[in-house]
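In our numbering, the protein residues as written are 24 to 407.
Glycine is no exception: its CB is placed at the ideal position from the N, C-alpha and C atoms.
Beneath this line is the structure, given in structure tokens, with notes to follow.
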Amino acid sequence: MKPPNMLPFIDLAAQQAQIRPQIEAAITRVLDHGQYIMGAEVDALEHALTDFTGARHAITTSSGTDALMLCLMALGVKAGDAVIVPSFSFAATAEILPCLGAVPIFAEVDAAHFTLDPARLDDALTAAQTAGLSVVGIIPVGLFGQPADMARINAFAEKHGLWVIDDAAQSLGSTRDGKRAGQMAAMTATSFFPAKPLGCYGDGGAIFTDDDTRADIARSARQHGMGKMRYQYERIGMTARMDTIQAAILLEKLKLFPDELKQRQRLADTYKNALESILTPQALPQNTTSSWAQYAVLLPPKNSGGISRDALQERLKNHGIPTAIYYPKGIHEHPPYANYPITQGGLAITEDLCQRILALPFHAWLDNDAQDYIIGAVKDAITA
Ligand SMILES: Cc1ncc(COP(=O)(O)O)c(C=O)c1O
């Protein structure tokens with residue numbers, strides 16, 4: 024089978040086809056009641072998200088980036104504070120820090136799982152100390168849907184008096200050691216960007232926490248720092264609410280999500296079984312489930328003689344198969360971040376992953392024929 028057109032990398036239309044009438048009805052309800060800001064659907068979604076994650080509080084936001092920012096505000100982060108973040112992530116994980124005058128310390132990830140390596144956190148602390156900075160917290164990332172080793176990271180944080188924010192922008196729906204994303208750290212931020220495992224039709228995000236005080240601060244800061252009374256300001260805040268229409272859409276999409284997570288796992292297993300002898304998929308630790316935001320594989324090291332990543336991408340493109348590189352560079356390699364400290368011992372794993380990583384088309388509605396076609400084309404290209 025050779026598709027006439029490019030396959031979608033993420034097929035949002037296939038998902039929409041499952042629930043289009045429900046989505047249209049949900050949007051129509053909002054148009055009818057007209058409460059575009061903080062309408063009843065926002066509250067309903069927050070309740071549904073506490074049920075889904077098991078967290079005590081779910082606070083919806085205008086984006087995942089704003090969710091992270093509000094977490095920092097709720098934790099009282101101030102100018103000059105240093106925070107450990109993985110460099111192998113999307114820029115948002117780090118960019119919120121300089122926005123508040125805080126300083127990212129770029130830390131290393133684990134070569135098999137691509138998530139923050141607990142064994143290298145000491146090195147990151149040392150780098151901060153060398154730069155004369157005091158570390159206040161850690162932001163691990165649930166990369167490509169897979170939670171970091173939160174038990175070890177939380178234990179390290181506790182030992183050193185640090186807080187932890189789980190950047191679960193990609194990993195809502197995942198579990199590790201019996202805990203669901205949303206419950207794995209003092210505070211969690213997620214994103215509902217359309218391409219995320221649970222996405223809306225615009226920008227959106229949410230915060231999860233069990234802490235009443237931090238939840239109150241985040242709720243107030245997302246509405247200009249208002250207190251219980253309108254136009255009474257208790258703190259510096261911003262506009263970071265979720266639109267009612269996006270909440271209405273998410274309420275419908277959340278109903279599909281548990282089944283979609285199962286489909287994602289089945290598709291990830293199929294890719295793994297078919298490709299692990301020729302490429303290296305992201306390894307899944309024991310007692311962990313991923314929401315498989317991306318299906319990423321590593322090509323062999325550059326000097327090992329096989330097909331280059333550029334050539335593989337080109338060949339797959341010629342067969343109508345799109346691929347993507349998450350991420351072509353560590354955050355620390357981009358000019359705006361060049362002057363922030365990197366971990367003692369350097370970021371060799373991050374830099375190597377950036378050279379070798381490739382994401383294949385992946386979404387819950389990828390059909391078996393399309394996946395077989397992709398697998399066949401990858402195998403042909405690698406073994407040619
Ligand atoms: C790891 C990570 N953190 C944060 C974000 C920010 O989310 P948003 O795009 O909703 O602001 C994203 C998503 O794009 C992400 O992948």
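Short of 6 angstroms in beta carbon distance, which residues of its chain neighbour L322, apart from the five on each side in sequence? Order them along the chain.
R332 and R379
Alpha carbon to alpha carbon, what distance is there between E337 and I397?
14 angstroms
Can you grab the Cα-Cα spacing for the pair I42 / Q58, in whole Å?
23 angstroms
Margin query: For A361 and Y318, which I take to be in contact (beta-carbon distance under 8 angstroms), what is that distance rounded to the nearest angstrom?
Written below: Actually they do not touch by this definition, with Cβ atoms about 31 angstroms apart.
Discussion item. I'd like the ranges of any beta strand (DSSP E) spanning at least 3 consecutive residues and lying wholly in the stretch 51-133.
Written reply: 80-84, 105-109 and 126-130
Are M92 and R264 closer than 8 angstroms when you measure CB to CB? no
Exercise for the section: May I ask whether a heavy atom of ligand 1 can be found less than 7 angstroms away from the beta carbon of L91? Expected result: yes
A393: first and last residue of the uninterrupted alpha helix (DSSP H) it sits in: N391 to T406
Rounded to whole angstroms, what's the CA-CA distance from K25 to H342? Just pull it up for me.
Low per-residue confidence applies at K25: pLDDT is 48, beneath 50, and the placement is therefore not dependable, though the value from the model is reported in the following sentence. Those two C-alpha atoms are separated by around 7 angstroms.
Can A270 be considered in contact with ligand 1, in the sense that its beta carbon sits closer than 7 angstroms to one or more heavy atoms? no
For this session: Flag A204 as yes when its Cβ comes closer than 7 angstroms to any non-hydrogen atom of ligand 1, and as no otherwise.
Result: no
Which residues does DSSP list as the beta-bridge partners of Y318? L383
Q.
I need the boundaries of the alpha helix (DSSP H) containing D146, first residue and last residue.
A. L144 to T153
Legend entry - beta-carbon V164 near ligand 1 non-hydrogen atom, thresh 7 angstroms: yes
- If we ignore side chains and look at the alpha-carbon of each, how far apart do S214 and I259 end up? 23 angstroms
Local Cβ density within 10 Å of R253, reported as buried at 16 or more and exposed below that: exposed
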